[in-house]
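> The sequence shown lines up with residues -9 to 245 when you count with this note's numbering. Pasting a structure below so you can have a look.
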Amino acid sequence: MTAGGGPAGTAPAPTRVRPQAPVQRPGRIGEESARVDGVPKVRGEFEYSSDLWMDGMLHGATLRSPHPHAEIRHLDTTEAEGMAGVRAVLTHEDVPGRKVYGMEIPDQPVLAWETVRYQGEPVAVVAADHPETARHALEKIRVDYEVLEPVTSAEAAMREDAPRLHLSGNVLRRVKILHGEPANVSADVVVSGEYEVGMQDQAFLGPESGLAVPDGQGGVDLYISTQWLHIDRDQVAESLGLAPEQVRLTLSGVG
-9 MTAGGGPAGT APAPTRVRPQ APVQRPGRIG EESARVDGVP KVRGEFEYSS
41 DLWMDGMLHG ATLRSPHPHA EIRHLDTTEA EGMAGVRAVL THEDVPGRKV
91 YGMEIPDQPV LAWETVRYQG EPVAVVAADH PETARHALEK IRVDYEVLEP
141 VTSAEAAMRE DAPRLHLSGN VLRRVKILHG EPANVSADVV VSGEYEVGMQ
191 DQAFLGPESG LAVPDGQGGV DLYISTQWLH IDRDQVAESL GLAPEQVRLT
241 LSGVG
C-alpha cells in the first residue's frame, strides 16, 4: 500500500534483507483467509520496516526528556556535532514546516522547545553513519532542565491551580453528557459506581521505525509501519514544508 498524490520519485527502492510472505489473492465472501504473514513471523523471517537497508544510509537516534514536566533552559549540541561519523544533529529549529503534529489535534511538538510535557518527549535527533555512533552522540548533547511540577491525572489537570501545560489551558475539549432522568429508572436493581481502567496498548512485534529516501527532486519516499498511512503522509508533508504529492509512504511490515 502506498500513499502519495503524485508520480513516484527517482529514488531506488530499499533492499529487502529477509524473504517476503507470498501474496495471496482475496477469496470470496465467507471464505477463510490465510494468515500469510503468520509463518514468517513465527520463524523470525518476517521483514519489518527496521530490516530495510540501503547502501550509504544514515541511522537515527532520538534524545528524549528524562522528566515528565520541565523547562528547557539551554540546549547545546556542539560536542555531538563534532563527533566522527555524526552527519547531523537536529532540534526544533531545524523543522522546516509546521512544528506540531497529532493524530486528532495537532498539539504535539515534533521536537520539544521551551517545555517538555512528558517523560520520553523527543528533544533532538542525531543522524550518523552507524547506529552505535548515533546513540553515543546522544550522550554528548547537553540539556539544562528546570524541573517543574508534573500533572499526573486528568482530574488534577482540570483543577484551577494545576500547572498550565499548554498556552490554551489543560482542557482540550468540552462535551455535554446527558444522563437521563434517574427517577424514571424502573429496573429492580440499579448499580452505580466509579471505575478506573489502565491504559491499553497492543503488544506489536516489530519496533516503530522507518526508512526515508530522498527522491532527488525535493521530495521523499518513506517506508514505514503504521496504521494511518494517509494521515501520516499529510502530517509529515506539513512538518517538512512540502506539498502532499512530494511525500510518498509505502507500508512496510507491521508487527
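Glycine included, each C-beta is placed from N, C-alpha and C at the ideal position. The structure presented is a predicted model; accordingly, all values stated were derived computationally and were not measured.
Over the uninterrupted alpha helix (DSSP H) stretch that includes Leu219, give me the two end residues.
From DSSP, the alpha helix (DSSP H) with Leu219 extends over Leu219 to Leu230.
> First and last residue of the alpha helix (DSSP H) that includes Val29?
It spans Gly28 to Arg33 - the alpha helix (DSSP H) in which Val29 sits, taken as one unbroken run.
> On the three-pair Cβ rule with 8 Å, is the segment 73 to 82 touching the segment 102 to 121?
Output reads yes: the segment 102 to 121 touches the segment 73 to 82.
> DSSP state of Leu251, grouped into three classes?
What is shown of the chain runs -9 to 245, which leaves residue 251 out entirely.
> Measuring only the C-alpha atoms, how far is Tyr108 from Glu150?
One C-alpha to the other measures close to 20 Å.
> So, is Tyr38 buried or exposed, given that buried needs 16 or more other C-beta atoms within 10 angstroms?
With 16 or more Cβ atoms within 10 Å of its Cβ, Tyr38 is classed as buried.
> Can you give the Cα-Cα distance for Pro58 and Gly20, rounded to whole angstroms?
Answer to the nearest angstrom: the Cα atoms are 49 Å apart.
> For the segment 82 to 167, which segments carrying the beta strand (DSSP E) assignment without a break, of at least 3 residues, lie completely within its bounds, in sequence order?
Qualifying beta strand (DSSP E) stretches, in chain order: 112 to 118 and 132 to 137.
> Could you have a look at Asp284 and say whether DSSP puts it in helix, strand or coil?
This structure cannot settle anything about residue 284, because the visible part of the chain is limited to -9 through 245.
> Taking C-alpha atoms, which residue in Arg163, Val244, Gly159 and Val203 lies nearest to Ala193?
Selected option, being the one with the closest Cα: Val244.
> What span of residues does the alpha helix (DSSP H) with Thr67 cover, start to end?
Here Thr67 belongs to no alpha helix (DSSP H), and DSSP marks it neither H nor E.
> Going by C-alpha distance, which of Met148, Glu171 and Ala124 is nearest Gln163?
Correcting the residue identity first, residue 163 is Arg in this sequence and not Gln. Measuring from the Cα of Arg163, the nearest candidate turns out to be Met148.
> Cα-Cα, which of His126, Val180 and Ala144 is closest to Glu71?
Of the listed residues, the one whose Cα sits closest to Glu71 is His126.
> List the whole-angstrom C-beta distance separating Gln236 from Gly209, where the pair is believed to meet the contact cut-off of C-beta under 8 Å.
Indeed, because the Cβ distance is near 3 Å, the residues count as touching under 8 Å.
> By the three-class DSSP mapping on this structure, what secondary structure does Glu235 have?
Helix.
> Residue range of the beta strand (DSSP E) that Thr216 falls in?
From DSSP, Thr216 is part of no beta strand (DSSP E); its letter is neither H nor E.
> In this structure, how does DSSP classify Glu71 when only helix, strand and coil are distinguished?
Reduced to three states, the DSSP call for Glu71 is helix.
> Whole angstroms is fine: what's the gap from Ala24's alpha carbon to Asp222's?
Computed Cα separation, rounded: 28 Å.
> How big is the Cα-Cα spacing for Glu129 and Ala51?
If I take the Cα positions, the gap works out to 11 Å.
> State yes or no: is the C-beta of Glu111 within less than 8 Å of the C-beta of Ala102?
It is a contact, given that the beta carbons lie within the stated cut-off.
> Please return the same chain residues whose Cβ sits closer than 6 Å to the Cβ of Asp42, not counting the five positions on each side in sequence.
The amino acid at residue 42 is misidentified as Asp; the sequence shows Leu. These residues qualify, in order along the chain: Pro4, Leu201 and Tyr213.
> For Ala193, does the three-state DSSP call read helix, strand or coil?
In this structure, Ala193 counts as coil in the three-state DSSP scheme.
> From the DSSP output, which residues share a beta bridge with Leu201?
Leu201 is bridged to Tyr213.
> For Met189 and Leu219, I'd like the C-alpha separation in whole angstroms.
Distance between the alpha carbons of Met189 and Leu219: 24 Å.
> Using the DSSP secondary-structure output, state which residues sit across from Arg54 in a beta bridge.
In the DSSP output, where bridge partners are listed per residue, Arg54 has Pro112.
> For Ala146, I'd like the list of residues in its chain whose CB is within less than 8 Å of its CB, leaving aside the five on either flank, ordered along the chain.
The residues are Ala152.
> Work out the CA separation of Ser215 and Pro12 for me, nearest whole Å.
For Pro12, the predicted model reports a pLDDT of 49, less than 50, meaning its position is unreliable; a value from the coordinates is still stated below. Cα-Cα distance, rounded: 19 Å.
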